[in-house]
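With positions in the sequence shown counted from 1, the corresponding number in our numbering is that position plus 3.
Idealized CB from N, CA, C, for every residue including glycine.
The structure presented is a predicted model; accordingly, all values stated were derived computationally and were not measured.
Read through the structure below, which is laid out as structure tokens, and then see the notes.
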Amino acid sequence: MRGSKGALGIALGLGAGLAFGAGGAVVKPLLEAGWSPGAAVFARIGIAALVLAVPGLIALRFDLRPLWRARWTVLAYSLIAVVGTQLAFYASIALIPVSTTLLIEYLAPVALVLFAWARQRRAPQLVVVAGSVLAIGGLVLVIGPGGGGLDVVGLLLAGIAMLGVCVYYVLGERADASVPPIALAASGFVVGAIVLGATGAIGLVPFTAAFVEVPYLGTVAPWWVPVLTVGVVSTAFAYVAGITAIRLLGTRLSSFLGLSEVIFAAIVAWFVLGEAIAPLQALGGLLILGGIVLVRFERPSGAAAIALDIDLVPVPADAPRTETRRAERRSPS
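So, in structure tokens, the structure goes:
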């Protein structure tokens, strides 16, 4: 990394973090105006599918056979990492602050460490244990007495979203190398939009929308403005910016820049939605981020490498991005 490329990579990494982080604050007024999580997620991934479909086809050189060979990964990615995670995320932010939901989602790396520890019966490195303890302690502060009586259902939904992010990481680790990251993401959005639209059409997932003016970044705008913003900026742009940042900076620095998503989400939600952060919650958030940084310092080898060496580029959490530990071949959300 040197000169203008390094500066551009940092700018894009932070831009992706801001775009992803602002997504929750942009969507929440729609939910409060009467949009169901299903309708909001459908609008978001539908727009992202339209924006990324052509770039995805170009990345595949218009050959869909790699997607067919990876069809089960694509299906799981679509239904769990895209649709399931975002439904849980939107349902959660309708009940608790955006930043709290994101902090819980960002515990996914710690959850993966604990899962691998239990499955392999091999203690992780000391730095990982320290990071996990730090992050869990931070979570206690975020949802404990300093949480101001947070809605239990909202917290459970955030936990479900975190599990979806865990699945996203594992799928990204095991994805077919013949499927370019942007093609996997695009196919995930396309399949996810089709499946979610079908379930909404037959009434399995509630679809309600209020086509009214809503609060938007300190002003008032028609409903379609935040919908386009979250689909184009907080999903499609953020994804491409994250990919480019990794290629310019490498995975390590991009991983740390990805943590800016939570910080930006808290700042935007504070200014736009008035979701002020209590001092204990702020401290808990810092502990969680610090714990994740420590977890990132582990360099597992051999069998212990199951989804532990993961990238924290802006994802989303709320906005799924295709994980890539696979060097510069990236993918975000």
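For residue i, does the three-state DSSP call read helix, strand or coil?
i	result
P209	coil
V86	helix
A224	strand
V215	coil
V182	coil
I280	coil
A126	coil
I13	helix
P100	coil
F240	helix
G288	helix
Y171	helix
L160	helix
Y109	coil
L297	helix
G253	coil
L260	helix
Give me the Cα-Cα distance between residue i and residue j, rounded to the nearest whole angstrom.
i	j	result
R64	G191	18 Å
L276	L117	34 Å
V194	V85	10 Å
F23	G41	19 Å
P184	A36	35 Å
I50	P127	41 Å
S7	A239	24 Å
A180	A281	44 Å
T76	L174	7 Å
L283	R74	45 Å
A14	A52	25 Å
V243	G261	13 Å
G3	I146	Outside the shown range of the chain (4 to 336) lies residue 3, about which nothing can therefore be said.
Below 8 Å on the Cβ atoms is my guess for residue i versus residue j; work out the distance and round it to an integer in Å.
i	j	result
A94	L160	5 Å
A46	V236	That pair is no contact at about 14 Å.
L82	I107	Not really, about 21 Å apart at Cβ, beyond 8 Å.
Q89	V44	5 Å
I205	A91	That pair is no contact at about 21 Å.
W38	A212	5 Å
L292	V265	7 Å
P69	V182	5 Å
A269	G288	7 Å
V57	E278	No, V57 and E278 are not in contact; Cβ-Cβ is about 37 Å, not under 8 Å.
L33	W226	7 Å
Output needed for residue i: all residues of its chain with C-beta closer than 7 Å, excluding positions within five of it in sequence on either side, in chain order.
i	result
L3	Outside the displayed range of the chain (4 to 336) lies residue 3, so it cannot be described from this structure.
A111	M165, V168, C169, Y172
G157	S95, L98, I99
G305	Here G305 scores only 41 on pLDDT, less than 50, and its place in the model should not be relied on; the value that follows carries that caveat. Here the set comprises nothing.
F214	W226
Spatial neighbours of residue i within its chain, please: C-beta separation below 8 Å, excluding the five flanking residues on both sides.
i	result
V113	G134, S135, A138, I139, G294, I295, V298
F274	G221
I61	none
V228	Y219
Ordered along the chain, which non-local residues of its own chain (more than five positions away) have a Cβ less than 6 Å from that of residue i?
i	result
T202	V208
G12	A248, L251, L252
V223	E216
I96	G27, K31, T104
S257	G16, A248, I249, V316
V233	G26, V29, V30, R47
F300	V130
G59	I185, A186, A189
Mind listing, in chain order, the continuous alpha helix (DSSP H) runs of no fewer than 4 residues lying wholly within the segment 36-81? Fully enclosed alpha helix (DSSP H) runs of 4 or longer: 40-62, 68-72, 74-79.
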